[in-house]
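Have a look at the structure below, then the notes.
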Amino acid sequence: MTLKEVYNSRSVEEVVGLLGEYGSEAKLISGGTDIVIELKNKKITPKILIDISKIEELKKIKEDENHIILGSGVTFTEITENPLFKGNLHGLHKACKMVGSPQIRNKGTIGGNIANGSSAADSIPPLIALGAIIKICSIEGTREIPLEDYYINKLKSNEIITEIKFEKLNKNQNLNFAKLGLRKALAISRLSIASLIELNEEGLIENVTISSGALGKYPMREKEVEEYLINKEINETTIEEAITVLQNSMDERLKGRSTLPYKRVAVSSILRENLKEFIKTRTEVRAW
Amino acid sequence: MKKIGKGIGLSYYGTGYGNGFPDVSRAIIKLLPAGRIGIYCGVTEVGQGAKTSMRQIGAEVLDIDIENIDLVHEDTSLMPDSGTAAATRQTYNTGNAIKIACENMKKELLEKAKIELNLNSTSGLTLEKGEVILSFFPQKRISYKKLSEIYYNDVIIEAKGEFTAQTTEMDKETGQGAPYWPYTFNACAVEVEVDTETGIVNILKSTFAQDAGRAVNPMLLEGQMDGGFAMGLGYTLFEDLNLDKGIMKNNRFSKYLIPTAMDMVDINNIIVEDPEPTAPYGAKGIGEPVTIPIAPAILNAIYDAVGVRIKELPVTPEKLIKHLRGCKENR
Numbered sequence: 001m002t003l004k005e006v007y008n009s010r011s012v013e014e015v016v017g018l019l020g021e022y023g024s025e026a027k028l029i030s031g032g033t034d035i036v037i038e039l040k041n042k043k044i045t046p047k048i049l050i051d052i053s054k055i056e057e058l059k060k061i062k063e064d065e066n067h068i069i070l071g072s073g074v075t076f077t078e079i080t081e082n083p084l085f086k087g088n089l090h091g092l093h094k095a096c097k098m099v100g101s102p103q104i105r106n107k108g109t110i111g112g113n114i115a116n117g118s119s120a121a122d123s124i125p126p127l128i129a130l131g132a133i134i135k136i137c138s139i140e141g142t143r144e145i146p147l148e149d150y151y152i153n154k155l156k157s158n159e160i161i162t163e164i165k166f167e168k169l170n171k172n173q174n175l176n177f178a179k180l181g182l183r184k185a186l187a188i189s190r191l192s193i194a195s196l197i198e199l200n201e202e203g204l205i206e207n208v209t210i211s212s213g214a215l216g217k218y219p220m221r222e223k224e225v226e227e228y229l230i231n232k233e234i235n236e237t238t239i240e241e242a243i244t245v246l247q248n249s250m251d252e253r254l255k256g257r258s259t260l261p262y263k264r265v266a267v268s269s270i271l272r273e274n275l276k277e278f279i280k281t282r283t284e285v286r287a288w
Numbered sequence: 001m002k003k004i005g006k007g008i009g010l011s012y013y014g015t016g017y018g019n020g021f022p023d024v025s026r027a028i029i030k031l032l033p034a035g036r037i038g039i040y041c042g043v044t045e046v047g048q049g050a051k052t053s054m055r056q057i058g059a060e061v062l063d064i065d066i067e068n069i070d071l072v073h074e075d076t077s078l079m080p081d082s083g084t085a086a087a088t089r090q091t092y093n094t095g096n097a098i099k100i101a102c103e104n105m106k107k108e109l110l111e112k113a114k115i116e117l118n119l120n121s122t123s124g125l126t127l128e129k130g131e132v133i134l135s136f137f138p139q140k141r142i143s144y145k146k147l148s149e150i151y152y153n154d155v156i157i158e159a160k161g162e163f164t165a166q167t168t169e170m171d172k173e174t175g176q177g178a179p180y181w182p183y184t185f186n187a188c189a190v191e192v193e194v195d196t197e198t199g200i201v202n203i204l205k206s207t208f209a210q211d212a213g214r215a216v217n218p219m220l221l222e223g224q225m226d227g228g229f230a231m232g233l234g235y236t237l238f239e240d241l242n243l244d245k246g247i248m249k250n251n252r253f254s255k256y257l258i259p260t261a262m263d264m265v266d267i268n269n270i271i272v273e274d275p276e277p278t279a280p281y282g283a284k285g286i287g288e289p290v291t292i293p294i295a296p297a298i299l300n301a302i303y304d305a306v307g308v309r310i311k312e313l314p315v316t317p318e319k320l321i322k323h324l325r326g327c328k329e330n331r
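Quick mapping for you: the protein sequence lines, in order, are chains A and B. Be aware that the first sequence starts at 1, since it is given in full-length UniProt numbering, and climbs by one per residue. Be aware that the second sequence starts at 1, since it is given in full-length UniProt numbering, and climbs by one per residue.
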């Protein structure tokens with residue numbers, strides 16, 4: 001199939017109409033940081049390209065009383081420059097800051113990071129840890145699913161992701177992120193860990209979600225680690241125990257994979273970095 | 001766990017083709033309209049700064065601002081061959097050819113000035129800021145510009161220069177002899193931090209000393225040192241073709257990693273100047289040498305930090321972890 005037409009869309013409604021008409025013959029393009037390479041390598045050969053990068057409603061960062069809502073066309077740079085994502089949402093800021101290079105962060109979008117579906121996508125583990133919900137539109141209507149389920153319930157060819165929504169954090173919650181890349185910039189994640197931790201008044205873990213990148217076919221929750229950490233205090237001993245729990249889950253999940261021997265060692269450094277950052281941010285919060 | 005280590009790498013490097021191979025550089029100098037000086041010479045600019053440093057050498061001999069020198073070095077129909085930009089030879093070999101050619105040009109300029117100024121001899125004539133001046137009676141002077149107005153078209157003032165490096169062939173049977181001359185020397189020290197769980201080697205700082213004989217252009221020289229360090233760093237820690245039965249698996253820059261600006265450190269560069277008597281103003285080449293001591297310095301620092309000797313490059317995190325685990329199991 002050769003490319004016949006490029007639509008420069010101005011509204012989600014228009015995109016939904018076009019996707020309804022062309023379905024699998026069409027591809028959406030926003031920042032293009034993944035899709036342009038696939039087009040060039042002829043890995044995908046759509047007949048229709050729909051440019052969604054100029055749709056204003058997809059480019060907004062909104063908040064209501066309880067939620068933060070990211071338009072799917074929000075770029076990584078827009079996230080890293082927004083003060084909303086500093087403080088206890090620092091983990092999302094950090095993950096977006098570690099995406100590629102300034103050029104890629106200027107073009108690449110949060111929706112694209114989800115839609116591309118890479119297991120190593122930097123922004124996904126923190127969003128999964130936040131329990132983010134994604135809004136998907138098509139000619140058949142609108143549906144909302146947890147981002148966590150996206151990878152087993154992927155987009156249909158007539159759908160577009162329009163929003164990513166998550167609850168605002170309270171002062172006892174902190175989001176952290178750590179990533180292993182093979183160099184300091186422009187590095188595809190070898191593995192990453194995000195954690196959202198809420199402490200109770202005794203300093204024990206009341207609620208926790210841990211999610212990982214590149215430790216499986218797609219980014220996912222690490223439920224065994226969560227179960228282990230609940231009601232525990234975070235200290236040297238529990239951190240090391242949590243690492244062992246994660247390594248055991250990996251042994252099961254990645255059995256026979258050539259990358260397992262390295263990743264099971266490396267994961268200790270990354271999970272430890274993540275949880276130590278949590279301790280550090282808590283201490284700083286208290287110091288204030 | 002993160003462990004710190006320090007290491008040093010030293011190297012000495014024979015510049016030029018060496019081994020008795022004819023190593024010849026040539027240059028032609030011409031007085032151009034408006035008193036500009038043209039250096040015609042096949043010195044290839046490959047990013048090392050030939051365009052600047054070769055003009056600097058000409059400017060020094062002919063006492064003229066570098067802005068008034070045109071280097072013609074890309075159109076082969078206009079210039080003599082000056083050998084390859086290889087073997088770290090251009091500064092020494094072609095620098096010498098340009099210096100000799102400019103000294104010959106100086107004689108020509110003095111001769112023509114003698115005629116135009118009605119003098120008995122060239123004795124006492126000197127070059128100063130684009131003019132020929134009689135030193136004890138400076139009112140007697142003529143500018144290059146004036147000379148270029150008198151000598152133009154087919155009577156232009158020009159001179160040639162040629163330099164052949166002295167090298168000797170090794171004994172074919174024994175491999176003994178002195179195949180290179182001159183040599184250049186350097187030393188690099190690095191401090192690294194090794195993460196014993198991820199295998200990531202982080203360069204913390206470096207001091208790098210390079211003998212240049214004479215630094216024609218210290219800023220360009222430091223640029224070469226930084227660049228050489230970056231290439232050495234990539235060679236040591238990142239660059240992996242990942243050959244599988246002769247097929248290159250890392251055939252794109254998303255997999256074949258080279259250091260980014262973020263992976264580089266600010267190097268404490270030290271330029272050592274010990275002029276080489278046979279070199280133009282004492283300047284020797286440093287192009288290739290600046291990459292050589294980096295890998296041994298980093299490998300020594302890794303050994304100092306974690307006690308393993310890696311003998312196959314690059315030291316990827318995965319490989320380093322494998323070695324570290326190997327050590328643990330052997331104990």
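A virtual CB, placed ideally from N, CA and C, is assigned to each residue, including glycine. Keep in mind it's a predicted model, so treat the numbers as computed, not measured.
Going by C-alpha positions, Pro126(A) is about 14 Å away from Leu215(A).
The stretch 11-91 of chain B is shown to contain whole alpha helix (DSSP H) runs of 4 or more residues at 50-62, in chain order. Contact note: Ile321(B) reaches chain A through Pro261, Tyr262, Val265 and Ala266, using a C-beta cutoff of 9 Å and chain order. With 16 or more other CB atoms across the displayed protein chains lying within 10 angstroms of its CB, Arg26(B) is buried.
With 16 or more other CB atoms across the displayed protein chains lying within 10 angstroms of its CB, Ala26(A) is buried. For Leu127(A), no beta strand (DSSP E) run applies; the uninterrupted alpha helix (DSSP H) run containing it begins and ends at Ile124 to Ala129, by DSSP.
With a threshold of 16 other beta carbon atoms within 10 Å, His67(A) falls short and is exposed. Close to chain A, meaning a Cβ-Cβ distance shorter than 8 Å, are the following residues of the stretch 196-218 of chain B: Glu197, Thr198, Gly199 and Ile200. It is roughly 15 Å from the alpha-carbon of Glu239(B) to the alpha-carbon of Asn202(B). In its chain, beyond the 5 residues on either side, Pro125, Lys179 and Gly213 have a beta carbon closer than 6 Å to the beta carbon of Ser192(A).
The Cβ atoms of Tyr7(A) and Ile48(A) lie closer than 8 Å to each other. Any Cβ of chain A closer than 8 Å to the Cβ of Leu257(B) would place that residue at the interface, and such an atom is present. In the assembly as shown, Gln176(B) is an exposed residue. Its beta-carbon has fewer than 16 other beta-carbons within 10 Å.
Under DSSP, Gln103(A) takes part in no beta bridge, so it has no partner.
Relative to Arg190(A), the option among Lys42(A), Gly181(A) and Glu198(A) whose CA is nearest is Gly181(A). Between the beta-carbon of Ile136(A) and that of Glu159(A) there is about 5 Å, and that keeps the pair under the 8 Å contact cut. A Cβ-Cβ separation of about 7 Å places Ile57(B) in contact with Val216(B) under the 8 Å criterion.
With a threshold of 8 Å between beta carbons, Ser254(B) makes contact with chain A.
By the Cβ test, the stretch 135-152 of chain B is not in contact with the stretch 169-187 of chain B, since fewer than three Cβ pairs between them sit closer than 8 Å.
When C-alpha distances from Ile98(B) are compared across Glu158(B), Ile39(B) and Thr88(B), the shortest belongs to Ile39(B). Contact check for Leu175(A) against Ala194(A) passes: the beta carbons are separated by less than 8 Å. In this structure, DSSP gives Asn202(B) an extended state, which the three-state scheme calls strand.
If you check each beta-carbon in the stretch 168-202 of chain A against every beta-carbon of chain B, the ones closer than 7 Å belong to Leu180, Leu182, Arg183, Lys184, Ala185, Leu186 and Ile188. Per the coordinates, the alpha-carbon of Ile294(B) lies some 29 Å from the alpha-carbon of Asn96(B). The shortest CA-to-CA distance from Thr75(A) to any of Glu63(A), Ile52(A), Gly108(A) and Ser101(A) is the one to Gly108(A). Taken through DSSP and simplified to helix, strand or coil, Glu252(A) comes out as helix. Counting only unbroken stretches of 3 or more residues, the beta strand (DSSP E) elements lying wholly within the stretch 52-97 of chain A are 61-63 and 67-71, in sequence order. Partner residues in a beta bridge of Phe136(B), as assigned by DSSP, do not exist.
In the three-state reduction of the DSSP assignment, Gln247(A) falls in the helix class, which pools H, G and I.
Secondary structure note for Asn269(B): its beta strand (DSSP E) is the uninterrupted segment Ile267 to Val272. If the five residues before and after Lys94(A) are omitted, its C-beta is found closer than 6 Å to the C-beta atoms of Phe177, all from its own chain and listed in chain order.
Here Glu202(A) is exposed, its C-beta having fewer than 16 other C-beta atoms within 10 Å. Bounds of the beta strand (DSSP E) holding Pro146(A) are Gly141 to Pro146. Spatial neighbours of Thr33(A) in its own chain (CB-CB distance under 6 Å, excluding positions within 5 residues in sequence) are listed in chain order as Ile104, Lys107 and Gly108.
Taking all protein chains shown into account, Thr142(A) has fewer than 16 neighbouring C-beta atoms within 10 Å of its C-beta and is therefore exposed. CA-CA distance, Met231(B) to Asp251(A), rounds to 37 Å.
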